[in-house]
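Number 169 in the UniProt record's numbering belongs to position 169 of the sequence shown; there are no gaps in the numbering.
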Amino acid sequence: MSSPECRSRKIKCDERKPRCGQCMRRDRVCHLQDSVFKRHAFSFEAESTPTRSSQLIDGCRIADITATAGNSYRDDLQSNNNSATSPSTTGPDGLHETTIEALKDTQEELFLLRHYSECIAPWMDLLYRYEVFSREVLMLARKHPILRYAACAVAAKQLGQMRAPVATVLRGTTQERIAERLVRGRLGFVWYGIKYYEKAIQTLVKSITPKEPQATTANHPSPAVSLSKGDLMVRADGEDPIVRLLGTCILIQYEHLSANRDAWSGHLTGFSKLLDLIDGGKLLEQHPIYEQVYPWTKDIMEVKAGFWNFVVNDLEESFVSHRRTRINTENLALWRNMGLLIEDYGRTTLTSGPYSLSTTAEHVRDKVLCYSLIRLMCKLVCHLAPASEWEALSVASGEPRPTTRTFTSLEGEFDAWYEMLSPSFYPDGKFSTPADAGGAEGSGLFSQEIWFSNDLCSTTMMYYHMARLLLLIHRPSHLLSASPAGSGGSFDLLRAFRETEQKLRLHASEVISIVRERKGLVEILTGIQDSLGIATGYRVKALLQEWGMSYQEFGMEARLTAEEQLG
Numbered sequence: 001m002s003s004p005e006c007r008s009r010k011i012k013c014d015e016r017k018p019r020c021g022q023c024m025r026r027d028r029v030c031h032l033q034d035s036v037f038k039r040h041a042f043s044f045e046a047e048s049t050p051t052r053s054s055q056l057i058d059g060c061r062i063a064d065i066t067a068t069a070g071n072s073y074r075d076d077l078q079s080n081n082n083s084a085t086s087p088s089t090t091g092p093d094g095l096h097e098t099t100i101e102a103l104k105d106t107q108e109e110l111f112l113l114r115h116y117s118e119c120i121a122p123w124m125d126l127l128y129r130y131e132v133f134s135r136e137v138l139m140l141a142r143k144h145p146i147l148r149y150a151a152c153a154v155a156a157k158q159l160g161q162m163r164a165p166v167a168t169v170l171r172g173t174t175q176e177r178i179a180e181r182l183v184r185g186r187l188g189f190v191w192y193g194i195k196y197y198e199k200a201i202q203t204l205v206k207s208i209t210p211k212e213p214q215a216t217t218a219n220h221p222s223p224a225v226s227l228s229k230g231d232l233m234v235r236a237d238g239e240d241p242i243v244r245l246l247g248t249c250i251l252i253q254y255e256h257l258s259a260n261r262d263a264w265s266g267h268l269t270g271f272s273k274l275l276d277l278i279d280g281g282k283l284l285e286q287h288p289i290y291e292q293v294y295p296w297t298k299d300i301m302e303v304k305a306g307f308w309n310f311v312v313n314d315l316e317e318s319f320v321s322h323r324r325t326r327i328n329t330e331n332l333a334l335w336r337n338m339g340l341l342i343e344d345y346g347r348t349t350l351t352s353g354p355y356s357l358s359t360t361a362e363h364v365r366d367k368v369l370c371y372s373l374i375r376l377m378c379k380l381v382c383h384l385a386p387a388s389e390w391e392a393l394s395v396a397s398g399e400p401r402p403t404t405r406t407f408t409s410l411e412g413e414f415d416a417w418y419e420m421l422s423p424s425f426y427p428d429g430k431f432s433t434p435a436d437a438g439g440a441e442g443s444g445l446f447s448q449e450i451w452f453s454n455d456l457c458s459t460t461m462m463y464y465h466m467a468r469l470l471l472l473i474h475r476p477s478h479l480l481s482a483s484p485a486g487s488g489g490s491f492d493l494l495r496a497f498r499e500t501e502q503k504l505r506l507h508a509s510e511v512i513s514i515v516r517e518r519k520g521l522v523e524i525l526t527g528i529q530d531s532l533g534i535a536t537g538y539r540v541k542a543l544l545q546e547w548g549m550s551y552q553e554f555g556m557e558a559r560l561t562a563e564e565q566l567g
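Below you can see the structure in the form of structure tokens.
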């Protein structure tokens with residue numbers, strides 16, 4: 001038996017209801033939520049008197065790690081770790097907190113590490129093109145438990161969110177037996193994911209806690225290390241700062257899987273602060289040791305891999321949260337240090353210049369073009385941030401708010417970027433969608449499948465088309481050109497909207513409008529969650545609400561219970 005909250009999450013807790021610290025103090029029922037659009041239900045008293053502990057997140061909220069916020073950061077980690085959506089200390093098998101440590105080097109833990117390395121880490125390595133997360137992390141994990149805990153946590157969480165994880169494991173009978181044993185056991189993947197996550201957070205808290213009072217300086221909670229002087233691997237309070245960076249990247253991925261915006265945002269903020277510890281903040285200053293597209297040492301390679309993984313997550317979370325990105329897009333020194341070739345006026349070019357693509361090898365250009373687009377996407381997300389974000393920035397730095405001129409300039413940068421593309425960024429082929437059971441071929445959005453042999457280029461083009469859609473949707477109304485040049489006629493708003501819609505179709509294939517295609521979209525989203533363990537249920541619910549429809553109208557009643565299990 002278990003509480004309703006635990007049953008909905010497939011967690012057995014012997015009727016012990018997991019509750020956050022806030023609800024325990026107020027002696028009230030705790031209704032746990034784990035969705036990007038569903039926050040924890042607070043009482044009026046809690047809302048009117050906000051406290052740090054009132055921010056419930058699934059694990060931890062990494063806040064400031066620099067000088068004045070060192071103690072606050074540790075308090076947040078510890079407080080939120082205690083109030084996380086986790087099962088009771090003692091599981092249904094009578095297992096205690098030491099269970100995770102007892103799993104070290106077992107077949108179950110090896111299975112989780114392999115799943116992380118083969119199914120999750122390759123996508124984390126996608127932008128930098130080195131096996132940092134899929135290979136280097138596993139070697140470092142032998143000496144640094146935080147990486148082992150984080151890797152197992154994200155693997156278990158993904159498998160726990162799949163509808164049929166055993167069917168997804170196609171690596172032989174040995175792997176299938178282990179997966180079946182974990183699925184049919186009394187604990188399950190979700191339990192292991194939460195417990196490994198807790199251990200990772202506890203280890204992270206310990207690593208940033210100075211052992212001696214004098215270890216804390218005016219600017220850092222732990223001693224800064226110098227990458228340029230070669231002492232990056234010096235232990236800072238018992239843990240390598242690069243290991244903390246890599247571990248935090250994996251924890252970011254853990255939160256990305258369930259789209260928990262608070263915790264996802266917290267880890268991203270924590271990473272940006274941890275980055276300041278490297279070289280005393282000199283990553284923000286131009287330095288030749290960093291600028292090479294290919295690193296000279298593993299240390300620099302790991303920093304860059306972590307950076308690009310962070311930037312993509314920062315881009316996506318900032319877009320979802322309607323805020324500016326954490327990374328300063330105008331700090332050219334930082335972007336150059338991380339491998340982006342960019343001229344002093346802020347653009348990547350093929351013309352002659354000290355940072356021109358023409359000076360690089362052919363096989364390097366695809367990666368640099370991808371980096372360039374990611375930076376442009378960050379600029380676009382910042383441009384679309386609400387007025388309140390810009391007002392605060394204007395007061396702090398004097399930076400002006402976006403104007404029509406900045407919009408057209410940004411649009412021109414995307415045009416210029418597209419003109420530089422190599423053949424690698426074009427699809428290798430297109431497959432027609434096969435006919436369905438009724439004999440009708442797919443139409444509109446689902447009429448074809450595009451195939452790229454290069455994952456980096458296909459992902460880059462996905463971001464490009466996303467950018468084009470955003471530029472069209474947010475285009476200033478007075479830039480909607482509808483009248484022929486020199487006609488002197490009145491502005492035809494309807495024609496302008498139709499032209500905009502036609503352009504949107506070029507990038508999205510078709511505006512979703514008919515029930516059949518809506519069902520196809522819902523099936524794709526639910527299939528992503530079932531097969532990949534990436535939460536999409538909240539997106540489906542939002543679409544159904546927007547359309548005024550329900551699962552029953554698509555003949556998908558069985559999804560109701562499945563989606564409720566993920567909040």
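Backbone N, C-alpha and C fix where the C-beta goes; we use that ideal spot for every residue, glycine too.
The structure presented is a predicted model; accordingly, all values stated were derived computationally and were not measured.
Could you check which residue in the options has the C-alpha nearest to that of residue i?
i: residue 569; options: ASP455, SER458, SER432 and GLU176; result: In the structure as shown, the chain starts at 1 and stops at 567, and residue 569 therefore has no counterpart that could be examined.
i: MET556; options: ARG539, TRP547, SER531 and VAL522; result: VAL522
i: ILE534; options: GLU255, CYS152 and THR106; result: GLU255
i: GLU108; options: TYR192, ALA164, PRO122 and ARG405; result: TYR192
i: GLU546; options: LEU525, ARG518 and ARG323; result: ARG518
i: ARG468; options: GLY548, GLN202 and THR408; result: THR408
i: ILE201; options: ASP240, SER453 and ARG244; result: ARG244
i: ARG323; options: THR359, SER265 and ASP105; result: SER265
i: LEU147; options: ARG177, GLU198 and TRP123; result: GLU198
i: ARG129; options: SER318, ILE450, VAL368 and ALA102; result: VAL368
i: LEU456; options: ASP125, GLU101, ILE120 and ALA102; result: ASP125
Start and end of the beta strand (DSSP E) containing residue i?
i: GLN107; result: Not the beta strand (DSSP E): GLN107 falls in the alpha helix (DSSP H), residues 107 to 115.
i: SER432; result: 429 to 432
i: GLU546; result: From DSSP, GLU546 is part of no beta strand (DSSP E) but of the alpha helix (DSSP H) over 537 to 547.
i: ILE450; result: 448 to 451
Hey, residue i and residue j are a contact pair by Cβ (cut 8 Å); roughly how many whole angstroms apart?
i: ALA179; j: PHE111; result: 7 Å
i: LEU350; j: MET420; result: 6 Å
i: VAL311; j: ILE327; result: 6 Å
i: HIS115; j: ALA155; result: 4 Å
i: ALA263; j: VAL132; result: Contact doesn't hold; Cβ gap of about 23 Å is too wide.
i: LEU159; j: PHE189; result: 4 Å
i: LEU410; j: LEU380; result: 6 Å
i: LEU257; j: LYS157; result: 6 Å
i: LEU251; j: ASN313; result: At roughly 11 Å, the Cβ-Cβ gap does not stay under 8 Å, so LEU251 and ASN313 are not in contact.
i: SER424; j: ASN454; result: 5 Å
Quick check on residue i: buried or exposed, where buried means 16 or more other Cβ atoms within 10 Å of its Cβ?
i: LEU566; result: Bear in mind that a pLDDT of 47 at LEU566, under 50, signals an unreliable position, so the number given afterwards is only what the model happens to contain. Classification for LEU566: buried.
i: LYS143; result: exposed
i: GLN253; result: buried
i: LEU479; result: exposed
i: PRO145; result: buried
i: TYR538; result: buried
i: SER352; result: exposed
i: GLU413; result: buried
i: GLY548; result: exposed
i: GLU362; result: exposed
i: LYS104; result: exposed
i: GLN552; result: exposed
i: ARG74; result: Residue placement at ARG74 is poorly supported in this model, since its pLDDT is 45, which falls under 50; the coordinates still yield a value, given next. Buried.
i: GLN161; result: buried
i: GLY488; result: Summary for GLY488: the model assigns pLDDT 46, below 50, so the residue's position carries little reliability, and this model does not support an answer.
i: ASP344; result: exposed
i: HIS465; result: exposed
i: GLU118; result: exposed
i: TRP308; result: buried
i: SER474; result: The question names Ser, yet the displayed sequence has His at residue 474. Exposed.
Would you mind reading off the limits of the alpha helix (DSSP H) that contains residue i?
i: ALA150; result: 145 to 161
i: residue 570; result: Residue 570 falls outside the range modelled here, since the chain spans only 1 to 567, and no answer is possible.
i: ASP415; result: 404 to 419
i: CYS457; result: 455 to 473
i: ARG177; result: 173 to 184
i: GLU198; result: 188 to 207
i: ASN309; result: 298 to 321
i: PRO122; result: 121 to 124
i: MET139; result: 137 to 141
i: THR325; result: No alpha helix (DSSP H) contains THR325, which DSSP labels as neither H nor E.
i: ASP262; result: 261 to 275
i: LEU334; result: 332 to 337
Of all the CB atoms in chain B, is at least one closer than 8 Å to the CB of residue i?
i: LYS298; result: The structure shown contains no chain B; it is built from a single protein chain.
Completely contained alpha helix (DSSP H) runs for the region 345 to 383, where each covers 4 or more residues: 362 to 383
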